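Notes to accompany the following structure.
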Amino acid sequence: AILNKWIKASIHVATLTAVVLFIGIVYKGYFFLLLTLIPLLAWSRIKTKEHSPGETIVGSILGIVITLIVYSISKQFFLEMIYN
110 AILNKWIKAS
120 IHVATLTAVV
130 LFIGIVYKGY
140 FFLLLTLIPL
150 LAWSRIKTKE
160 HSPGETIVGS
170 ILGIVITLIV
180 YSISKQFFLE
190 MIYN
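If you read the sequence shown in this note's numbering, its first letter stands for residue 110, the second for the next number, and so on.
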């Protein structure tokens with residue numbers, strides 16, 4: 110988990126969110142089916158008292174942000190490769 114003074118972001122939820130979002134970008138047909146896994150994992154992390162609801166939300170946001178940054182960078186990189 111990513112720790113600071115106030116919150117411990119759920120890396121499990123961040124990772125699953127990133128994977129689901131990536132699959133949603135690449136294989137659009139499976140996105141909504143896989144999207145249901147994120148709240149299930151978040152619930153399990155809360156139920157086992159590993160994380161609070163806020164920590165799972167922060168983990169999900171972290172996964173979204175990281176995926177969008179990586180996607181944006183890789184998209185630019187591949188476009189430059191194609192046109193150069």
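Glycine residues also receive a C-beta, built at the ideal position from the N, C-alpha and C atoms.
None of these values were measured; they are calculated from a predicted model.
- Item | Simplified DSSP assignment, three categories, for Lys-117 | Residue state, collapsed to three classes: strand.
- Closest residue to Gly-133 among Ser-119, Ile-155, Leu-177 (Cα-Cα distance): Among Ser-119, Ile-155, Leu-177, the Cα nearest to that of Gly-133 is on Leu-177.
- Message: By the DSSP assignment, the alpha helix (DSSP H) with Ser-153 in it spans what residues?
- Response: In the DSSP assignment, Ser-153 falls within the unbroken alpha helix (DSSP H) covering 146-156.
- Are Ser-119 and Thr-157 closer than 8 Å when you measure CB to CB? Against a cut-off of 8 Å, the Cβ pair of Thr-157 and Ser-119 comes out as no contact.
- Message: Could you check whether the region 142-149 touches the region 122-132, counting it as contact only if at least three pairs of C-beta atoms, one from each stretch, sit closer than 8 Å?
- Response: The region 142-149, when compared against the region 122-132, does touch it at the 8 Å Cβ threshold.
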